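Take a look at the structure below.
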Amino acid sequence: MKILMAIHTLKFPTESGVTKRTFHLLEEMTRRHEVTALALGSPEDEARVRQQIGHQCREIVYVDGRVPRWVSLVTRIRLGLTGRSLLRQQVSARFQRALDELVRRERFDLVILSFPGLTYYRLPPGIPTITDTHNVEYDIWRRYASQSRGLVARAYHRYQAWLMKRDELAACRGGDALLTTSERDRDVFQADLPAQSIHVVPNGVDLDFFTPPPVEPRPNSLVFCGLMNWAPNDEGMTFFLDRVFPLVQQEVPDATLTIVGANASRALQRRATDRIVVTGYVTDVRPYVAAGQVYVIPLLVGGGTRLKALEAMAMRKPIVTTSVGCEGIDLVQGESALFADAPEGLAAAIVRLFREPALRAHLADRASALAHQQYGWRSIGDRLDAIAGEVVARRRTGGAAPPGGR
13 MKILMAIHTL KFPTESGVTK RTFHLLEEMT RRHEVTALAL GSPEDEARVR QQIGHQCREI
73 VYVDGRVPRW VSLVTRIRLG LTGRSLLRQQ VSARFQRALD ELVRRERFDL VILSFPGLTY
133 YRLPPGIPTI TDTHNVEYDI WRRYASQSRG LVARAYHRYQ AWLMKRDELA ACRGGDALLT
193 TSERDRDVFQ ADLPAQSIHV VPNGVDLDFF TPPPVEPRPN SLVFCGLMNW APNDEGMTFF
253 LDRVFPLVQQ EVPDATLTIV GANASRALQR RATDRIVVTG YVTDVRPYVA AGQVYVIPLL
313 VGGGTRLKAL EAMAMRKPIV TTSVGCEGID LVQGESALFA DAPEGLAAAI VRLFREPALR
373 AHLADRASAL AHQQYGWRSI GDRLDAIAGE VVARRRTGGA APPGGR
(Lines of atoms letter the chains of each structure in order from A and count residues from 1; the text may use other names and numbers.)
(Lines give C-alpha, C1' and ligand atoms only; values in the text may rest on other atoms or scores of the structure.)
Protein backbone atom coordinates (compact mmCIF):
# COMPACT_ATOMS: atom_id res chain seq x y z
CA MET A 1 0.00 0.00 0.00
CA LYS A 2 0.90 3.65 -0.40
CA ILE A 3 0.51 5.27 2.99
CA LEU A 4 0.74 8.90 4.04
CA MET A 5 1.70 9.32 7.70
CA ALA A 6 0.98 12.83 8.98
CA ILE A 7 3.04 13.38 12.12
CA HIS A 8 2.84 16.21 14.63
CA THR A 9 6.34 15.64 16.00
CA LEU A 10 9.04 13.46 14.42
CA LYS A 11 12.45 13.48 16.05
CA PHE A 12 15.58 11.38 16.38
CA PRO A 13 16.99 10.61 18.86
CA THR A 14 13.64 10.04 20.49
CA GLU A 15 13.39 11.50 23.98
CA SER A 16 9.74 11.36 25.03
CA GLY A 17 7.16 8.59 24.96
CA VAL A 18 5.29 10.40 22.18
CA THR A 19 8.33 10.71 19.90
CA LYS A 20 9.38 7.10 20.56
CA ARG A 21 5.96 5.71 19.64
CA THR A 22 5.65 7.90 16.55
CA PHE A 23 9.14 7.11 15.26
CA HIS A 24 8.90 3.37 15.77
CA LEU A 25 5.43 3.03 14.26
CA LEU A 26 6.69 4.95 11.21
CA GLU A 27 9.73 2.70 11.01
CA GLU A 28 7.61 -0.44 11.23
CA MET A 29 5.23 0.69 8.50
CA THR A 30 8.15 1.50 6.18
CA ARG A 31 9.23 -2.13 6.51
CA ARG A 32 5.92 -3.23 4.99
CA HIS A 33 4.66 -0.45 2.68
CA GLU A 34 5.56 2.60 0.59
CA VAL A 35 5.34 5.35 3.20
CA THR A 36 5.46 9.11 2.77
CA ALA A 37 5.98 11.02 6.02
CA LEU A 38 4.75 14.60 6.46
CA ALA A 39 5.99 16.05 9.74
CA LEU A 40 6.24 19.20 11.79
CA GLY A 41 9.76 19.79 13.04
CA SER A 42 12.96 21.78 12.81
CA PRO A 43 15.65 21.51 10.11
CA GLU A 44 17.84 19.75 12.69
CA ASP A 45 15.08 17.21 13.31
CA GLU A 46 14.76 16.66 9.58
CA ALA A 47 18.48 16.07 9.06
CA ARG A 48 18.71 13.49 11.86
CA VAL A 49 15.53 11.65 10.84
CA ARG A 50 16.62 11.51 7.19
CA GLN A 51 19.95 10.06 8.23
CA GLN A 52 18.30 7.42 10.40
CA ILE A 53 15.28 6.36 8.34
CA GLY A 54 15.29 8.35 5.09
CA HIS A 55 16.34 5.36 3.00
CA GLN A 56 13.27 3.42 4.17
CA CYS A 57 10.68 6.09 3.35
CA ARG A 58 9.29 6.80 -0.09
CA GLU A 59 9.48 10.48 0.79
CA ILE A 60 9.92 12.68 3.87
CA VAL A 61 8.48 16.20 3.87
CA TYR A 62 9.17 18.46 6.84
CA VAL A 63 7.35 21.67 7.72
CA ASP A 64 9.20 23.94 10.12
CA GLY A 65 6.84 24.05 13.07
CA ARG A 66 8.92 26.30 15.29
CA VAL A 67 7.35 29.47 16.61
CA PRO A 68 8.69 32.03 19.08
CA ARG A 69 7.82 31.29 22.68
CA TRP A 70 5.74 34.47 22.93
CA VAL A 71 3.65 33.38 19.94
CA SER A 72 2.97 30.03 21.59
CA LEU A 73 1.96 31.80 24.81
CA VAL A 74 -0.35 34.21 22.97
CA THR A 75 -1.92 31.27 21.14
CA ARG A 76 -2.61 29.46 24.41
CA ILE A 77 -4.19 32.57 25.90
CA ARG A 78 -6.29 33.17 22.78
CA LEU A 79 -7.54 29.59 22.77
CA GLY A 80 -8.50 29.82 26.43
CA LEU A 81 -10.31 33.14 26.00
CA THR A 82 -12.26 31.85 23.00
CA GLY A 83 -13.30 28.62 24.73
CA ARG A 84 -11.13 26.25 22.71
CA SER A 85 -8.76 23.59 24.02
CA LEU A 86 -5.00 23.27 23.57
CA LEU A 87 -5.66 20.49 21.05
CA ARG A 88 -5.77 23.21 18.38
CA GLN A 89 -2.44 24.79 19.30
CA GLN A 90 -0.30 23.22 16.58
CA VAL A 91 -2.52 23.93 13.57
CA SER A 92 -0.26 25.37 10.85
CA ALA A 93 -1.16 26.88 7.47
CA ARG A 94 2.22 25.74 6.12
CA PHE A 95 1.44 22.14 7.10
CA GLN A 96 -1.90 22.36 5.29
CA ARG A 97 -0.22 23.62 2.11
CA ALA A 98 2.31 20.78 2.21
CA LEU A 99 -0.48 18.26 2.77
CA ASP A 100 -2.47 19.65 -0.18
CA GLU A 101 0.58 19.43 -2.42
CA LEU A 102 1.31 15.81 -1.51
CA VAL A 103 -2.28 14.76 -2.11
CA ARG A 104 -2.39 16.67 -5.41
CA ARG A 105 0.52 14.74 -6.90
CA GLU A 106 0.16 11.35 -5.20
CA ARG A 107 -2.70 8.90 -4.70
CA PHE A 108 -2.58 7.27 -1.28
CA ASP A 109 -4.40 4.16 -0.11
CA LEU A 110 -4.42 5.21 3.56
CA VAL A 111 -3.69 8.20 5.78
CA ILE A 112 -2.40 7.62 9.33
CA LEU A 113 -2.55 10.60 11.69
CA SER A 114 -0.19 10.57 14.67
CA PHE A 115 -2.38 12.79 16.83
CA PRO A 116 -6.10 13.69 17.03
CA GLY A 117 -5.32 17.40 16.54
CA LEU A 118 -4.30 16.60 12.95
CA THR A 119 -7.96 16.03 12.09
CA TYR A 120 -8.33 19.83 12.10
CA TYR A 121 -6.52 19.85 8.77
CA ARG A 122 -8.37 19.46 5.48
CA LEU A 123 -7.78 15.79 4.71
CA PRO A 124 -8.07 14.17 1.26
CA PRO A 125 -11.65 13.00 0.60
CA GLY A 126 -12.34 9.36 -0.16
CA ILE A 127 -9.17 8.02 1.49
CA PRO A 128 -9.51 5.97 4.70
CA THR A 129 -7.90 7.41 7.81
CA ILE A 130 -6.55 5.99 11.06
CA THR A 131 -5.98 8.32 14.03
CA ASP A 132 -3.46 7.43 16.73
CA THR A 133 -3.79 8.63 20.32
CA HIS A 134 -1.14 8.67 23.02
CA ASN A 135 -3.46 9.36 25.95
CA VAL A 136 -7.03 10.35 26.60
CA GLU A 137 -6.16 13.96 27.23
CA TYR A 138 -9.47 14.94 28.80
CA ASP A 139 -9.15 12.03 31.22
CA ILE A 140 -5.77 13.34 32.36
CA TRP A 141 -7.26 16.78 33.03
CA ARG A 142 -10.14 15.08 34.86
CA ARG A 143 -7.64 13.25 37.05
CA TYR A 144 -5.85 16.51 37.79
CA ALA A 145 -9.16 18.03 38.86
CA SER A 146 -9.88 15.14 41.21
CA GLN A 147 -6.51 15.56 42.91
CA SER A 148 -6.39 19.37 43.02
CA ARG A 149 -6.56 20.76 46.54
CA GLY A 150 -7.36 24.43 45.98
CA LEU A 151 -10.72 25.62 44.67
CA VAL A 152 -9.12 27.69 41.91
CA ALA A 153 -6.91 24.85 40.69
CA ARG A 154 -9.80 22.40 40.78
CA ALA A 155 -12.05 24.76 38.84
CA TYR A 156 -9.34 25.41 36.24
CA HIS A 157 -8.66 21.70 35.71
CA ARG A 158 -12.35 20.93 35.43
CA TYR A 159 -12.77 23.66 32.84
CA GLN A 160 -9.81 22.37 30.82
CA ALA A 161 -11.16 18.83 31.08
CA TRP A 162 -14.51 20.01 29.70
CA LEU A 163 -12.88 21.91 26.83
CA MET A 164 -10.55 19.03 26.00
CA LYS A 165 -13.32 16.44 26.13
CA ARG A 166 -15.48 18.40 23.74
CA ASP A 167 -12.65 18.99 21.25
CA GLU A 168 -10.92 15.63 21.63
CA LEU A 169 -14.09 13.62 21.08
CA ALA A 170 -14.93 15.74 18.03
CA ALA A 171 -11.43 15.13 16.65
CA CYS A 172 -11.62 11.38 17.29
CA ARG A 173 -15.17 10.94 15.99
CA GLY A 174 -15.35 9.67 12.43
CA GLY A 175 -12.45 8.33 10.47
CA ASP A 176 -12.11 4.62 9.90
CA ALA A 177 -10.25 3.59 13.06
CA LEU A 178 -8.99 5.09 16.29
CA LEU A 179 -5.92 3.66 18.03
CA THR A 180 -5.25 3.68 21.77
CA THR A 181 -2.22 2.49 23.70
CA SER A 182 -4.15 0.56 26.36
CA GLU A 183 -7.42 -1.20 26.99
CA ARG A 184 -8.28 1.36 29.66
CA ASP A 185 -7.94 4.22 27.17
CA ARG A 186 -10.03 2.26 24.68
CA ASP A 187 -12.77 1.79 27.26
CA VAL A 188 -12.76 5.50 28.17
CA PHE A 189 -13.08 6.53 24.53
CA GLN A 190 -15.63 3.80 23.78
CA ALA A 191 -17.95 5.01 26.54
CA ASP A 192 -18.12 8.41 24.84
CA LEU A 193 -17.79 7.21 21.22
CA PRO A 194 -19.84 3.99 21.14
CA ALA A 195 -20.05 3.89 17.33
CA GLN A 196 -16.32 4.38 16.76
CA SER A 197 -14.03 1.54 15.68
CA ILE A 198 -11.28 1.54 18.33
CA HIS A 199 -8.24 -0.73 18.43
CA VAL A 200 -5.48 -1.15 21.00
CA VAL A 201 -1.97 -0.80 19.59
CA PRO A 202 0.25 -0.76 22.69
CA ASN A 203 3.46 1.13 23.20
CA GLY A 204 6.62 -0.87 22.75
CA VAL A 205 10.32 -1.01 23.42
CA ASP A 206 13.39 -1.40 21.24
CA LEU A 207 14.53 -4.78 22.54
CA ASP A 208 17.85 -4.63 20.69
CA PHE A 209 18.74 -1.26 22.24
CA PHE A 210 17.48 -1.77 25.79
CA THR A 211 19.42 -4.85 26.79
CA PRO A 212 20.74 -5.47 30.30
CA PRO A 213 24.52 -4.84 30.46
CA PRO A 214 26.82 -7.13 32.48
CA VAL A 215 27.28 -4.69 35.37
CA GLU A 216 26.18 -4.83 38.97
CA PRO A 217 23.86 -2.02 40.14
CA ARG A 218 24.81 0.15 43.08
CA PRO A 219 23.40 -1.19 46.37
CA ASN A 220 20.33 0.60 47.70
CA SER A 221 19.98 2.81 44.63
CA LEU A 222 16.78 4.00 42.95
CA VAL A 223 16.38 5.37 39.43
CA PHE A 224 13.61 7.15 37.55
CA CYS A 225 13.68 8.26 33.89
CA GLY A 226 11.38 10.65 32.11
CA LEU A 227 11.03 13.95 30.29
CA MET A 228 10.75 16.20 33.30
CA ASN A 229 8.79 19.07 31.76
CA TRP A 230 5.85 16.68 31.35
CA ALA A 231 3.75 17.67 34.34
CA PRO A 232 2.91 14.12 35.59
CA ASN A 233 6.64 13.29 35.81
CA ASP A 234 7.45 16.45 37.75
CA GLU A 235 4.47 16.01 40.05
CA GLY A 236 5.25 12.34 40.62
CA MET A 237 8.85 12.98 41.59
CA THR A 238 7.88 15.88 43.84
CA PHE A 239 5.43 13.55 45.61
CA PHE A 240 8.14 10.89 45.86
CA LEU A 241 10.74 13.27 47.31
CA ASP A 242 8.28 14.82 49.76
CA ARG A 243 6.48 11.75 51.04
CA VAL A 244 8.19 8.50 50.02
CA PHE A 245 11.97 8.90 49.90
CA PRO A 246 12.21 10.18 53.52
CA LEU A 247 10.46 6.99 54.66
CA VAL A 248 12.93 4.90 52.65
CA GLN A 249 15.87 6.74 54.21
CA GLN A 250 14.57 6.08 57.70
CA GLU A 251 15.02 2.36 57.02
CA VAL A 252 17.97 2.54 54.62
CA PRO A 253 19.99 5.70 55.41
CA ASP A 254 22.42 5.23 52.50
CA ALA A 255 19.63 4.95 49.87
CA THR A 256 20.16 7.09 46.77
CA LEU A 257 17.87 8.35 44.01
CA THR A 258 18.84 9.33 40.46
CA ILE A 259 16.30 11.32 38.42
CA VAL A 260 17.19 11.11 34.73
CA GLY A 261 15.61 13.35 32.12
CA ALA A 262 15.72 16.69 30.37
CA ASN A 263 14.07 19.94 31.46
CA ALA A 264 13.82 19.39 35.20
CA SER A 265 12.21 22.34 36.94
CA ARG A 266 14.33 24.65 39.05
CA ALA A 267 12.40 23.49 42.10
CA LEU A 268 13.36 19.90 41.36
CA GLN A 269 16.98 20.80 40.65
CA ARG A 270 17.19 22.48 44.04
CA ARG A 271 16.34 19.13 45.66
CA ALA A 272 19.68 17.66 44.54
CA THR A 273 21.98 16.45 47.34
CA ASP A 274 24.71 13.87 47.72
CA ARG A 275 21.88 11.29 47.89
CA ILE A 276 19.61 12.77 45.20
CA VAL A 277 21.02 13.26 41.70
CA VAL A 278 19.12 15.26 39.07
CA THR A 279 20.99 14.61 35.83
CA GLY A 280 19.18 16.81 33.32
CA TYR A 281 19.48 15.78 29.68
CA VAL A 282 21.62 12.71 28.96
CA THR A 283 22.45 11.23 25.57
CA ASP A 284 21.86 7.65 26.74
CA VAL A 285 19.70 6.61 29.70
CA ARG A 286 20.90 3.00 29.72
CA PRO A 287 23.96 3.43 31.98
CA TYR A 288 21.80 5.19 34.57
CA VAL A 289 19.10 2.52 34.43
CA ALA A 290 21.73 -0.22 34.65
CA ALA A 291 23.27 1.40 37.75
CA GLY A 292 19.96 1.50 39.62
CA GLN A 293 19.03 -1.42 41.83
CA VAL A 294 15.30 -0.60 41.78
CA TYR A 295 13.32 1.35 39.18
CA VAL A 296 10.56 3.58 40.59
CA ILE A 297 7.52 4.98 38.75
CA PRO A 298 5.60 7.01 41.36
CA LEU A 299 3.16 8.74 38.99
CA LEU A 300 -0.15 10.04 40.31
CA VAL A 301 -1.63 11.21 36.99
CA GLY A 302 -1.23 9.96 33.45
CA GLY A 303 -2.75 8.20 30.50
CA GLY A 304 -1.75 5.72 27.84
CA THR A 305 1.18 3.56 28.85
CA ARG A 306 4.63 4.54 30.07
CA LEU A 307 7.48 3.62 27.77
CA LYS A 308 9.84 4.16 30.70
CA ALA A 309 8.29 1.08 32.30
CA LEU A 310 8.80 -1.01 29.18
CA GLU A 311 12.44 0.07 28.94
CA ALA A 312 13.05 -0.87 32.56
CA MET A 313 11.39 -4.24 31.95
CA ALA A 314 13.59 -4.93 28.93
CA MET A 315 16.68 -4.05 31.00
CA ARG A 316 15.66 -6.49 33.75
CA LYS A 317 15.01 -3.90 36.44
CA PRO A 318 12.70 -4.70 39.37
CA ILE A 319 9.93 -2.08 39.37
CA VAL A 320 8.06 -0.37 42.19
CA THR A 321 5.15 1.63 40.83
CA THR A 322 1.86 3.26 41.58
CA SER A 323 -1.21 1.83 39.87
CA VAL A 324 -1.09 4.76 37.41
CA GLY A 325 2.65 4.33 36.78
CA CYS A 326 2.28 1.02 34.90
CA GLU A 327 -1.32 1.39 33.80
CA GLY A 328 -2.07 -0.51 30.61
CA ILE A 329 0.92 -2.86 30.93
CA ASP A 330 0.32 -6.48 31.89
CA LEU A 331 2.49 -6.44 35.01
CA VAL A 332 1.17 -8.45 37.96
CA GLN A 333 1.53 -7.50 41.61
CA GLY A 334 4.18 -9.65 43.31
CA GLU A 335 4.97 -11.55 40.10
CA SER A 336 6.51 -8.97 37.77
CA ALA A 337 6.36 -5.71 39.79
CA LEU A 338 5.39 -4.33 43.17
CA PHE A 339 2.45 -1.89 43.24
CA ALA A 340 1.42 0.61 45.92
CA ASP A 341 -0.26 4.01 45.92
CA ALA A 342 0.19 5.22 49.50
CA PRO A 343 3.60 6.64 50.48
CA GLU A 344 4.03 4.01 53.20
CA GLY A 345 3.30 1.19 50.77
CA LEU A 346 5.75 2.49 48.15
CA ALA A 347 8.49 2.93 50.74
CA ALA A 348 7.90 -0.56 52.19
CA ALA A 349 8.08 -2.14 48.73
CA ILE A 350 11.36 -0.37 47.97
CA VAL A 351 12.95 -1.37 51.27
CA ARG A 352 11.80 -4.94 50.76
CA LEU A 353 13.49 -5.08 47.36
CA PHE A 354 16.69 -3.59 48.75
CA ARG A 355 16.78 -6.43 51.29
CA GLU A 356 15.60 -9.36 49.15
CA PRO A 357 17.86 -10.09 46.15
CA ALA A 358 15.88 -13.21 45.23
CA LEU A 359 12.69 -11.16 44.87
CA ARG A 360 14.52 -8.55 42.79
CA ALA A 361 15.72 -11.27 40.41
CA HIS A 362 12.28 -12.88 40.22
CA LEU A 363 10.49 -9.63 39.34
CA ALA A 364 13.18 -8.64 36.84
CA ASP A 365 13.07 -12.01 35.06
CA ARG A 366 9.29 -12.02 34.77
CA ALA A 367 9.14 -8.41 33.58
CA SER A 368 11.85 -8.99 30.98
CA ALA A 369 10.07 -12.07 29.65
CA LEU A 370 6.83 -10.08 29.35
CA ALA A 371 8.58 -7.29 27.44
CA HIS A 372 9.96 -9.78 24.92
CA GLN A 373 6.67 -11.63 24.55
CA GLN A 374 4.32 -8.68 24.08
CA TYR A 375 6.04 -5.35 23.65
CA GLY A 376 8.66 -5.56 20.91
CA TRP A 377 8.07 -2.98 18.18
CA ARG A 378 8.15 -5.62 15.44
CA SER A 379 5.10 -7.46 16.80
CA ILE A 380 3.36 -4.14 17.47
CA GLY A 381 4.04 -3.17 13.86
CA ASP A 382 2.35 -6.41 12.79
CA ARG A 383 -0.73 -5.42 14.78
CA LEU A 384 -0.90 -1.95 13.21
CA ASP A 385 -0.36 -3.46 9.75
CA ALA A 386 -3.29 -5.85 10.25
CA ILE A 387 -5.57 -2.97 11.29
CA ALA A 388 -4.46 -0.92 8.30
CA GLY A 389 -5.23 -3.83 5.96
CA GLU A 390 -8.69 -4.27 7.48
CA VAL A 391 -9.47 -0.55 7.19
CA VAL A 392 -8.48 -0.34 3.52
CA ALA A 393 -10.28 -3.57 2.61
CA ARG A 394 -13.43 -2.49 4.41
CA ARG A 395 -13.49 0.88 2.64
CA ARG A 396 -12.99 -0.78 -0.75
CA THR A 397 -15.88 -3.18 -0.18
CA GLY A 398 -18.12 -0.52 1.37
CA GLY A 399 -18.38 -2.30 4.74
CA ALA A 400 -19.10 -0.44 7.95
CA ALA A 401 -16.51 -0.26 10.71
CA PRO A 402 -17.47 -2.41 13.68
CA PRO A 403 -17.66 -0.42 16.93
CA GLY A 404 -15.07 -1.35 19.49
CA GLY A 405 -12.49 -2.86 17.15
CA ARG A 406 -10.47 -5.44 18.99
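For the sequence shown, the working numbering begins at 13 and goes up steadily by one. Quick reminder that beta carbons are idealized off the backbone N, C-alpha and C, glycines included. Only a predicted model underlies this, so the values are computations on that prediction, with no experimental measurement involved.
- Assignment of beta-bridge partners to E71 by DSSP yields T48.
- Bridge partners of I309 according to DSSP: T333.
- Judged by beta-carbon spacing, L350 lies beyond the 8 Å limit of G248, meaning their Cβ atoms are not closer than that value.
- By the Cβ-count criterion, S54 is exposed, with fewer than 16 other Cβ atoms from all chains shown falling within 10 Å of its own Cβ.
- Bounds of the beta strand (DSSP E) holding D144 are T141 to D144.
- Nearest in C-alpha terms to Y168, of all of S97, H36 and F120, is S97.
- Scanning the region 243-329 from its first residue to its last, the whole beta strand (DSSP E) runs of 3-plus residues come out as 268-272, 288-290 and 306-309.
- With contacts defined as CB atoms closer than 8 Å, Q281 and V272 fail to qualify as a contacting pair.
- The closest CA to that of E323, considering only I341, Y133 and L111, is found on I341.
- Non-local C-beta neighbours of L91 in its own chain, meaning closer than 8 Å and more than five positions away in sequence, comprise S97, L98, R100 and Q101, ordered along the chain.
- Residue environment for N241: exposed (fewer than 16 other C-beta atoms within 10 angstroms of its C-beta).
- In the DSSP assignment, V164 falls within the unbroken alpha helix (DSSP H) covering L163 to C184.
- Assignment of V235 by DSSP, reduced to helix, strand and coil, places it in the strand class.
- Contact check for K14 against E46 passes: the beta carbons are separated by less than 8 Å.
- Look at L358 here: in three-state DSSP terms it is helix.
- Looking at the DSSP output, Q345 bridges to A349.
- Judged by DSSP secondary structure, H20 falls outside any alpha helix (DSSP H); it is assigned neither H nor E.
- Annotated three-state conformation of L125 is strand, per DSSP.
- By the Cβ neighbour-count rule, T48 is buried, with 16 or more other Cβ atoms within 10 Å of its own.
- One alpha carbon belongs to F201, the other to Y156, and they sit about 18 Å apart.
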